[in-house]
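Protein chains in written order, with our numbering: chain V, 5 to 140; chain B, 5 to 140; chain H, 5 to 140; chain P, 5 to 140; chain F, 5 to 140; chain A, 5 to 140.
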């Protein structure tokens with residue numbers, strides 16, 4: 005019974021790509037202008053997908069109001085208008101690439117959903133660069 | 005030989021979310037403003053995906069003119085500018101959630117396609133809420 | 005000093021096109037399937053533009069939080085998930101064409117803005133049909 | 005470890021659909037106006053997806069600068085502002101349907117990526133017609 | 005009474021930029037890869053805007069079904085799936101730049117509309133390049 | 005002879021809204037989370053419009069390759085992947101609101117264009133907030 009429901013949200017944040025184990029030269033070489041120590045930023049567009057059977061009484065896989073509230077309270081309020089490197093626990097020691105942000109969001113949301121539901125996170129860093137994470 | 009071709013279409017319809025087995029209070033509690041008895045409506049964007057091998061003579065998985073005609077005649081003409089709850093057989097007794105509409109469209113189109121082809125239906129209720137159904 | 009700031013919002017509503025001074029036949033002839041007595045609906049995308057000088061202290065033409073609050077409280081809460089013909093004072097006796105909805109929104113918002121500011125309302129009824137109203 | 009990174013690109017090209025083994029009449033019957041011998045054209049939007057584990061040092065599945073360079077040098081420079089039928093080796097004897105173009109792009113890019121990475125090609129011929137190819 | 009209604013349409017065509025009064029070298033120098041003698045092509049997105057007073061009986065500036073029919077019959081059927089340079093009277097001796105195509109469409113539609121209505125043509129050659137023509 | 009050509013570009017940058025003449029409390033009160041001292045960021049989408057007569061030899065208002073080069077070299081390279089407050093001369097003492105960024109871009113480009121051409125700058129800070137500046 006393969007139905008997936010998707011909900012779109014967004015947040016705006018500053019970040020830089022940086023591996024603290026590397027020299028500044030190596031960071032600049034690998035990450036280019038994305039490693040600017042003064043930061044740059046993005047409008048992140050987030051799509052969360054939840055797959056499972058439909059509840060026969062509601063016709064919902066999951067109530068989108070509930071899903072929207074989860075995303076707003078646990079993801080958007082945590083990351084919106086923040087400096088990801090300096091102001092979030094998730095990226096204090098993890099490089100905030102789109103891949104790592106998508107996985108962090110998946111890990112935040114996964115415990116909130118019933119085990120019978122599968123979870124997918126799609127994150128647009130720009131209109132041209134995006135990632136999808138479906139779990140380990 | 006995994007190629008999928010997609011065709012996008014759209015229809016505009018009125019609907020309300022409603023479970024007739026429930027009281028008005030319970031409907032209002034579960035479905036919120038989506039249960040408004042006077043209805044609201046959406047521009048539904050529909051994407052139909054068909055997966056299969058390519059015909060060696062045409063280079064097509066399926067002729068998009070044929071697929072477009074199927075979608076127009078069997079789906080768009082049935083639902084466009086209609087009140088889904090009151091004017092369609094599909095939702096006379098089924099709650100017209102995006103999940104249920106996507107499944108109904110899948111069931112309408114499935115018999116029209118060769119058994120060797122897989123079918124996927126993606127339905128956008130709004131730019132922020134959408135569903136995907138790939139069959140039972 | 006011509007700067008315009010724009011804010012986008014949306015609401016979902018049911019409506020029908022109907023002139024009560026006409027017969028049902030004439031309504032059907034002129035408005036086609038848009039005159040369906042059971043209603044259909046749209047995801048309306050609204051863009052509100054405000055033109056004026058920039059405040060030298062803030063660098064704002066108008067505070068977008070203020071503009072967003074106006075739009076949400078006065079427009080979106082009034083029209084979202086409503087049947088425009090049956091449930092709004094604005095369209096009890098006015099045909100809810102995109103042109104008339106845009107003008108109604110303009111009339112709702114105009115008194116809330118300083119006289120030094122010009123107001124423009126753009127309303128998308130679908131991705132292919134939209135209107136712009138800049139005042140009488 | 006299922007992370008996919010996507011990169012979007014585009015190219016503009018002329019083409020016609022044509023099977024040289026068929027008569028002009030049969031080509032016109034099957035391919036309709038797409039078989040116009042004087043050609044027509046499209047803005048092709050291309051999305052390339054690469055799936056694999058994240059590099060623990062960079063947090064990347066694949067460096068998007070590298071992926072972008074591959075796409076630009078091997079795909080965009082080959083097809084952009086070209087007549088696909090007359091000016092490319094790939095479609096000298098292959099009908100340039102969206103399905104065949106997607107597969108050709110997949111075959112161009114596949115050898116450039118590590119065997120541990122999966123490759124997906126999504127090609128939009130128009131906003132309403134698109135295809136996805138994930139390999140043989 | 006400034007209301008403008010807009011209708012969106014599209015057509016796919018091949019073209020090349022070319023001034024026959026110039027040498028091939030000068031054409032290549034000025035128009036670059038757009039001057040490829042074998043042609044390239046685009047998905048042209050067209051937005052037609054009509055400004056005027058609202059009809060008090062319909063609430064329409066112009067009936068969008070009528071406007072859509074004009075655009076389809078006079079513009080889309082003329083240019084869709086055509087080679088603009090070789091197969092259209094408009095560009096037999098006129099360089100089919102986006103500017104010139106927009107003006108040609110304006111000249112085709114202008115006589116069909118009442119003199120009391122103003123006409124605007126917006127033409128997207130690509131998502132990044134577009135033009136607007138509002139008349140001489 | 006009113007033709008306008010538009011070219012779209014984008015850049016990603018960090019910024020904060022801040023008036024140095026105000027206390028931190030007043031900045032927080034007026035600019036809310038946009039005043040975060042650690043910065044946030046955006047994908048800025050920029051549309052530059054140039055209005056004028058068409059060159060009879062080229063059919064261009066302005067050569068889009070030339071316009072694209074101006075935008076890339078003078079705007080994108082200056083602002084992309086930068087911290088607007090800390091790393092640009094334009095916003096060292098000017099609050100980087102969308103209004104002020106649009107005006108700064110207009111002032112950068114204006115001297116590069118012939119006096120016979122009018123210039124318009126449209127800047128999207130997010131998909132929902134954007135501004136237009138057409139000069140003093």
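For every residue, glycine included, the Cβ atom is placed at its ideal position computed from N, Cα and C. Computed from a predicted model, the values in this text were never measured in an experiment.
Would you say residue 135/A faces chain H, with C-beta separation under 7 Å as the test?
-> If you number the sixth chain from 1, residue 135/A lands on position 131. At least one chain H Cβ lies under 7 Å of residue 135/A.
Taking 6 Å as the cut-off, is the CB of residue 19/F close to at least one heavy atom of the ligand FAD?
-> Ligands in the displayed structure: none, and consequently the ligand FAD is not present.
Using a Cβ-Cβ cut-off of 6 Å (strictly less than) and excluding sequence neighbours within five positions of residue 83/H, which residues of its own chain qualify?
-> Locating residue 83/H in the third chain gives position 79, where the first residue counts as 1. Cβ within range, chain order: 15, 17.
Note down, in chain order, all residues in the stretch 51-76 of chain A with a beta-carbon under 7 Å from any beta-carbon belonging to chain F.
-> Correct list: 58, 61, 62, 63, 64, 65, 68, 69.
By Cβ distance, which residues of its chain are closer than 8 Å to residue 140/H, with the 5 residues on each side in sequence left out?
-> For the purposes of this step, residue 140/H is taken as the residue at position 136 of the third chain. Nothing meets the Cβ criterion.
Assign residue 3/H to buried or exposed, taking buried as 16 or more other Cβ atoms, counted over all protein chains shown, within 10 Å of its Cβ.
-> The question about residue 3/H has no answer here: the residues shown for chain H are numbered 5 through 140.
Based on Cα-Cα distance, which residue from 134/A, 108/A, 129/A lies nearest to residue 123/A?
-> The residue labelled residue 123/A in the question sits at position 119 within the sixth chain. The candidate whose alpha carbon is nearest that of residue 123/A is 108/A.
Closer than 7 Å by C-beta to residue 40/F: which residues in its own chain qualify, once you throw out the five before and the five after it? Chain order, please.
-> On the fifth chain, residue 40/F is found 36 positions in, with the first residue counted as 1. Excluding residues within five positions, the ones whose Cβ falls inside 7 Å are 20.
From residue 89/V to residue 99/P, what does the alpha carbon distance come to, in whole angstroms?
-> In the first chain, counting from the first residue as 1, residue 89/V sits at position 85. In the fourth chain, counting from the first residue as 1, residue 99/P sits at position 95. Rounded to whole angstroms, residue 89/V to residue 99/P spans 50 Å at the Cα level.
Is it buried or exposed for residue 73/A, if we count other Cβ within 10 angstroms and need 16 for buried?
-> For the purposes of this step, residue 73/A is identified with residue 69 of the sixth chain, where counting begins at 1. When all chains shown are included, residue 73/A counts as exposed.
For residue 96/P, does the count of other Cβ atoms within 10 angstroms reach 16, so buried, or fall short, so exposed?
-> Taking the first residue of the fourth chain as position 1, residue 96/P is located at position 92. Exposed is the call here.
Listed from N- to C-terminal order along the chain, which residues in the stretch 86-118 of chain V have their beta-carbon within a distance smaller than 8 Å of any beta-carbon of chain A?
-> For the stretch 86-118 of chain V, the set of positions with a beta-carbon nearer than 8 Å to some beta-carbon of chain A reads 86, 87, 90, 91 in chain order.
Since residue 121/V sits in a beta bridge, which residues does DSSP pair it with?
-> Here residue 121/V is taken as the residue at index 117 of the first chain, counted from 1. None, per the DSSP bridge assignment.
Which word fits residue 136/V, buried or exposed, when buried means at least 16 other C-beta atoms lie within 10 angstroms of its C-beta?
-> Here residue 136/V refers to the residue found at position 132 of the first chain. It is buried - the Cβ of residue 136/V has at least 16 other Cβ atoms within 10 Å.
The stretch 123-134 of chain A / the stretch 51-63 of chain A touching (three or more Cβ pairs under 8 Å) | yes
In chain order, each beta strand (DSSP E) run of at least 3 residues that lies wholly inside the stretch 63-119 of chain P | Listed in chain order, the beta strand (DSSP E) runs fully inside the stretch 63-119 of chain P amount to none, counting runs of at least 3 residues.
Grab the span of the beta strand (DSSP E) containing residue 61/B for me, first residue to last.
-> In the second chain, counting from the first residue as 1, residue 61/B sits at position 57. Segment: none, residue 61/B is in no beta strand (DSSP E) and carries neither H nor E.
Span separating the alpha-carbon of residue 79/H from that of residue 92/H = Working through the third chain from its first residue, we reach residue 79/H at position 75. Working through the third chain from its first residue, we reach residue 92/H at position 88. Rounded to the nearest angstrom, the two C-alpha atoms are 11 Å apart.
Just by C-beta distance, which residues in the stretch 24-42 of chain B are closer than 7 Å to chain H?
-> Per Cβ criterion, the list reads 37, 38, 40, 42.
Using the beta-carbon of each residue, which ones in chain V are nearer than 7 Å to residue 138/B?
-> Numbered from its first residue, the second chain carries residue 138/B at position 134. 6, listed in chain order.
Are the beta-carbon atoms belonging to residue 42/F and residue 87/P less than 7 Å from one another?
-> Against the fifth chain, residue 42/F aligns to sequence position 38. Against the fourth chain, residue 87/P aligns to sequence position 83. Yes, Cβ-Cβ distance for residue 42/F and residue 87/P is below 7 Å.
Check residue 6/H in the structure and name its three-state DSSP category.
-> Taking the third chain and counting its residues from 1, the one referred to as residue 6/H is at position 2. DSSP places residue 6/H in coil when its eight states are reduced to three.
Give the secondary structure of residue 129/F by DSSP, where H, G and I count as helix, E and B as strand, and everything else as coil.
-> Here residue 129/F is taken as the residue at index 125 of the fifth chain, counted from 1. In the structure shown, residue 129/F sits in coil (DSSP, three-state: anything other than H, G, I, E or B).
When DSSP builds the beta bridges, which residues end up paired with residue 56/F?
-> The count along the fifth chain starts at 1 and reaches residue 56/F at position 52. DSSP output for residue 56/F lists 7/F as bridge partner(s).
Rounded distance between the beta-carbons of residue 138/B and residue 32/V, thought under 8 Å = Translated into the one-based positions of the first chain, residue 32/V becomes position 28. Translated into the one-based positions of the second chain, residue 138/B becomes position 134. The Cβ separation is near 45 Å, so there is no contact.
Please name the residue, chosen from 65/P, 104/P, 44/P, that lies closest to residue 63/B on a Cα-to-Cα basis.
-> For the purposes of this step, residue 63/B is taken as residue 59 along the second chain, with counting starting at 1. Nearest option by C-alpha distance: 104/P.
In chain order, what residues of the same chain have a beta carbon less than 7 Å from the beta carbon of residue 129/V, not counting five sequence neighbours either side?
-> Within the first chain, numbered from 1, the residue matching residue 129/V stands at position 125. Closer than 7 Å at the Cβ level, and outside the excluded window around residue 129/V, lie 46, 48, 102.
To the nearest angstrom, how far is it from the Cα of residue 126/F to the Cα of residue 10/F?
-> Stepping through the fifth chain from its first residue, residue 126/F is reached at position 122. Stepping through the fifth chain from its first residue, residue 10/F is reached at position 6. When rounded, the distance between both Cα atoms is 10 Å.
For chain H, is any of its Cβ atoms less than 7 Å away from the one on residue 18/B?
-> Counting from one through the second chain, the residue named residue 18/B turns up at place 14. At least one chain H Cβ lies under 7 Å of residue 18/B.
Interface flag, residue 22/P vs chain F, CB-CB below 7 Å = In the fourth chain, counting from the first residue as 1, residue 22/P sits at position 18. By this cut-off, residue 22/P is not an interface position.
Using only alpha-carbon positions, find the residue among 106/V, 67/V, 44/V that is nearest to residue 118/V.
-> In the first chain, counting from the first residue as 1, residue 118/V sits at position 114. Closest by alpha carbon: 67/V.
Step through the CB atoms of chain P and report whether any lies within less than 7 Å of the CB of residue 124/B.
-> By 1-based counting over the second chain, the position of residue 124/B is 120. No, its Cβ sits nowhere closer than 7 Å to a Cβ of chain P.
Around the C-beta of residue 30/B, are 16 or more other C-beta atoms found within 10 angstroms, so that it is buried, or is it exposed?
-> For the purposes of this step, residue 30/B is taken as residue 26 along the second chain, with counting starting at 1. The residue in question, residue 30/B, is exposed, as its Cβ has fewer than 16 Cβ neighbours within 10 Å.
Inter-residue Cα distance where the pair is residue 27/F and residue 36/F = Start at 1 with the first residue of the fifth chain, and residue 27/F comes out as number 23. Start at 1 with the first residue of the fifth chain, and residue 36/F comes out as number 32. Rounded to the nearest angstrom, the two C-alpha atoms are 13 Å apart.
Around the C-beta of residue 143/A, are 16 or more other C-beta atoms found within 10 angstroms, so that it is buried, or is it exposed?
-> A query on residue 143/A cannot be resolved here, the shown segment of chain A reaching from 5 to 140 and no further.
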